[in-house]
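Student: Quick one: structure below, then a few questions.
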Amino acid sequence: MWAAVVVIGIGTYLTRLSFIGAFGEREMPAWLERPLRYVAPAVLGAIVLPAVVMPSGVIDFAPSSNPRFVAGLVAMAVAIRFRNVTLVIAVGMGALWILDAVL
Numbered sequence: 657m658w659a660a661v662v663v664i665g666i667g668t669y670l671t672r673l674s675f676i677g678a679f680g681e682r683e684m685p686a687w688l689e690r691p692l693r694y695v696a697p698a699v700l701g702a703i704v705l706p707a708v709v710m711p712s713g714v715i716d717f718a719p720s721s722n723p724r725f726v727a728g729l730v731a732m733a734v735a736i737r738f739r740n741v742t743l744v745i746a747v748g749m750g751a752l753w754i755l756d757a758v759l
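All you need for our numbering is the position in the sequence shown, starting with 1, plus 656.
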């Protein structure tokens with residue numbers, strides 16, 4: 657089993673290193689760099705949205721049975737207003753903890 661982990665780790669490392677080696681010294685074209693800025697937020701959204709909207713595997717927007725949805729709305733409002741990631745995390749988690757305790 658450890659041999660498989662090591663081989664997969666080396667393969668992953670070499671795959672990433674090949675892109676750095678091939679494109680590390682080159683200037684990336686603007687037409688390619690512009691859309692790549694949105695990859696990380698899109699991936700994060702794809703991971704977070706199902707956890708917020710479907711915590712039990714079924715879409716649930718009811719505040720009484722899904723406090724994650726309400727906490728997500730609170731966090732989204734803070735994000736839009738203040739644009740501070742640390743504040744969004746703190747307020748969102750605080751809202752979730754409070755809602756979990758109350759509901």
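Here a beta-carbon is modelled for each residue, glycine too, at the ideal position from N, C-alpha and C.
Below 6 Å CB to CB, which residues in the same chain sit around residue 719 once its five sequence neighbours on both sides are set aside?
Tutor: Closer than 6 Å at Cβ, skipping near neighbours: 726.
Student: Just to confirm the assignment, what range does the alpha helix (DSSP H) spanning residue 728 have?
Tutor: It spans 723 to 738 - the alpha helix (DSSP H) in which residue 728 sits, taken as one unbroken run.
Student: Under 8 Å, with one C-beta from each stretch per pair, do the segment 686 to 700 and the segment 730 to 739 reach the 3-pair mark?
Tutor: The segment 686 to 700, when compared against the segment 730 to 739, does not touch it at the 8 Å Cβ threshold.
Student: Are the beta-carbon atoms of residue 711 and residue 755 separated by less than 9 Å?
Tutor: Contact flag unset, no.
Student: Beta-carbon within less than 6 Å of residue 674's beta-carbon, same chain only, minus the 5 sequence neighbours each way: which residues are those?
Tutor: If we look at residue 674 and ignore the five residues flanking it on each side, it has no Cβ neighbours.
Student: When you compare the CB positions of residue 717 and residue 704, do they come within less than 9 Å of one another, or not?
Tutor: Against a cut-off of 9 Å, the Cβ pair of residue 704 and residue 717 comes out as no contact.
Student: Does DSSP classify residue 694 as helix, strand or coil?
Tutor: Residue 694 falls in the coil class under three-state DSSP.
Student: Have a look at 728, 663, 738 and flag the residue whose alpha-carbon is nearest the alpha-carbon of residue 751.
Tutor: Per the Cα distances, 728.
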